[in-house]
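Notes follow once the structure below has been shown.
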(Lines of atoms letter the chains of each structure in order from A; the text may use other names.)
(Lines give C-alpha, C1' and ligand atoms only; values in the text may rest on other atoms or scores of the structure.)
Protein backbone atom coordinates (compact mmCIF):
# COMPACT_ATOMS: atom_id res chain seq x y z
CA UNK A 185 0.00 0.00 0.00
CA UNK A 186 1.47 3.32 -0.98
CA UNK A 187 0.48 6.94 -0.95
CA UNK A 188 -1.48 5.99 -4.07
CA UNK A 189 -3.98 4.19 -1.80
CA UNK A 190 -4.59 7.40 0.11
CA UNK A 191 -5.02 9.25 -3.16
CA UNK A 192 -7.60 6.73 -4.33
CA UNK A 193 -9.44 6.72 -1.02
CA UNK A 194 -9.67 10.49 -0.72
CA UNK A 195 -9.12 11.67 -4.27
CA UNK A 196 -6.00 13.67 -3.38
CA UNK A 197 -2.36 13.06 -4.28
CA UNK A 198 0.06 11.79 -1.62
CA UNK A 199 3.67 10.77 -2.15
CA UNK A 200 4.42 8.90 1.09
CA UNK A 201 5.82 5.40 0.91
CA UNK A 202 4.12 2.49 2.69
CA UNK A 203 6.47 2.40 5.65
CA UNK A 204 6.26 6.16 6.26
CA UNK A 205 3.52 8.27 7.79
CA UNK A 206 1.38 10.18 5.35
CA UNK A 207 2.85 13.65 4.83
CA UNK A 208 -0.53 15.28 5.38
CA UNK A 209 -3.61 14.00 7.13
CA UNK A 210 -6.36 13.07 4.66
CA UNK A 211 -9.97 13.47 5.81
CA UNK A 212 -13.41 12.81 4.38
CA UNK A 213 -16.92 11.56 5.08
CA UNK A 214 -17.02 8.45 7.29
CA UNK A 215 -19.41 6.43 5.13
CA UNK A 216 -17.43 7.16 1.96
CA UNK A 217 -14.00 6.32 3.35
CA UNK A 218 -15.13 3.20 5.21
CA UNK A 219 -16.89 1.92 2.05
CA UNK A 220 -13.82 2.54 -0.12
CA UNK A 221 -11.49 0.86 2.37
CA UNK A 222 -13.75 -2.21 2.34
CA UNK A 223 -14.83 -2.43 -1.31
CA UNK A 224 -11.83 -1.16 -3.21
CA UNK A 225 -9.01 -2.33 -0.98
CA UNK A 226 -10.41 -5.42 0.77
CA UNK A 227 -9.81 -3.89 4.19
CA UNK A 228 -11.76 -4.83 7.30
CA UNK A 229 -11.91 -3.01 10.61
CA UNK A 230 -9.59 -5.11 12.79
CA UNK A 231 -9.68 -3.08 15.98
CA UNK A 232 -10.87 0.15 17.53
CA UNK A 233 -10.53 2.11 20.73
CA UNK A 234 -11.73 5.39 22.19
CA UNK A 235 -9.36 8.32 22.00
CA UNK A 236 -11.74 10.55 23.89
CA UNK A 237 -15.43 11.40 23.98
CA UNK A 238 -15.41 12.62 20.36
CA UNK A 239 -12.98 10.28 18.57
CA UNK A 240 -12.31 6.60 17.90
CA UNK A 241 -9.03 5.19 16.59
CA UNK A 242 -9.46 2.32 14.11
CA UNK A 243 -7.09 -0.13 12.48
CA UNK A 244 -8.22 -1.36 9.07
CA UNK A 245 -6.29 -4.28 7.57
CA UNK A 246 -6.33 -6.36 4.43
CA UNK A 247 -5.92 -9.96 5.66
CA UNK A 248 -4.64 -11.11 2.26
CA UNK A 249 -1.98 -8.47 1.57
CA UNK A 250 -1.11 -7.38 5.11
CA UNK A 251 -1.67 -3.70 4.27
CA UNK A 252 -2.98 -1.58 7.17
CA UNK A 253 -4.52 1.85 7.64
CA UNK A 254 -4.79 3.86 10.88
CA UNK A 255 -8.01 5.89 10.87
CA UNK A 256 -9.41 8.38 13.36
CA UNK A 257 -13.22 8.72 13.30
CA UNK A 258 -14.93 11.73 14.83
CA UNK A 259 -18.44 11.85 16.32
CA UNK A 260 -19.71 14.31 13.70
CA UNK A 261 -18.95 11.83 10.89
CA UNK A 262 -15.55 13.00 9.65
CA UNK A 263 -12.78 10.42 9.25
CA UNK A 264 -9.04 11.06 8.87
CA UNK A 265 -6.45 8.60 7.58
CA UNK A 266 -3.41 9.12 9.80
CA UNK A 267 -0.99 6.43 8.61
CA UNK A 268 -0.65 3.45 6.27
CA UNK A 269 1.75 0.57 6.00
CA UNK A 270 2.27 -3.04 5.14
CA UNK A 271 3.14 -6.39 6.73
CA UNK A 272 0.42 -6.16 9.41
CA UNK A 273 0.53 -9.13 11.77
CA UNK A 274 -2.45 -10.05 13.97
CA UNK A 275 -1.52 -11.15 17.46
CA UNK A 276 -3.81 -12.97 19.87
CA UNK A 277 -4.23 -11.28 23.22
CA UNK A 278 -3.07 -13.57 26.00
CA UNK A 279 -3.99 -11.83 29.28
CA UNK A 280 -1.72 -14.14 31.30
CA UNK A 281 1.33 -13.48 29.13
CA UNK A 282 0.77 -9.71 29.06
CA UNK A 283 0.21 -9.36 32.79
CA UNK A 284 -3.38 -8.10 32.41
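Numbering (our numbering), first residue to last: 185 to 284. C-beta atoms are modelled at their ideal positions from N, C-alpha and C, and glycine is treated no differently.
Quick check on residue i: buried or exposed, where buried means 16 or more other Cβ atoms within 10 Å of its Cβ?
{"i": "residue 327", "result": "Coverage of the chain is limited to positions 185 through 284, which leaves residue 327 absent and any answer about it impossible."}
{"i": "residue 239", "result": "exposed"}
{"i": "residue 221", "result": "buried"}
Suppose you measure from the CA of residue i to the CA of residue j; what does that come to, to the nearest Å?
{"i": "residue 205", "j": "residue 270", "result": "Confidence at residue 205 is low in this model, with a pLDDT of 47, below 50, so its placement is unreliable and no value can be given for it."}
{"i": "residue 263", "j": "residue 255", "result": "7 Å"}
{"i": "residue 219", "j": "residue 237", "result": "24 Å"}
{"i": "residue 242", "j": "residue 230", "result": "8 Å"}
{"i": "residue 257", "j": "residue 280", "result": "31 Å"}
{"i": "residue 224", "j": "residue 211", "result": "17 Å"}
{"i": "residue 266", "j": "residue 273", "result": "19 Å"}
{"i": "residue 226", "j": "residue 217", "result": "13 Å"}
{"i": "residue 260", "j": "residue 209", "result": "17 Å"}
{"i": "residue 234", "j": "residue 228", "result": "18 Å"}
{"i": "residue 245", "j": "residue 232", "result": "12 Å"}
{"i": "residue 248", "j": "residue 215", "result": "23 Å"}
{"i": "residue 250", "j": "residue 213", "result": "25 Å"}
Need the endpoints of the beta strand (DSSP E) that residue i sits in, please.
{"i": "residue 256", "result": "252-258"}
{"i": "residue 242", "result": "239-245"}
{"i": "residue 232", "result": "228-236"}
Does any residue of chain D have a CB that is nearer than 7 Å to the CB of residue i?
{"i": "residue 239", "result": "Absent from the structure: chain D. Only one protein chain is present."}
Across which residues does DSSP place residue i in a beta bridge pair?
{"i": "residue 269", "result": "252"}
Counting along the chain, where does the alpha helix (DSSP H) carrying residue i start and finish?
{"i": "residue 221", "result": "214-223"}
Give me the Cβ distance between residue i and residue j, rounded to the nearest whole Å; I'm assuming they're in contact under 8 Å.
{"i": "residue 252", "j": "residue 275", "result": "The Cβ separation is near 13 Å, so there is no contact."}
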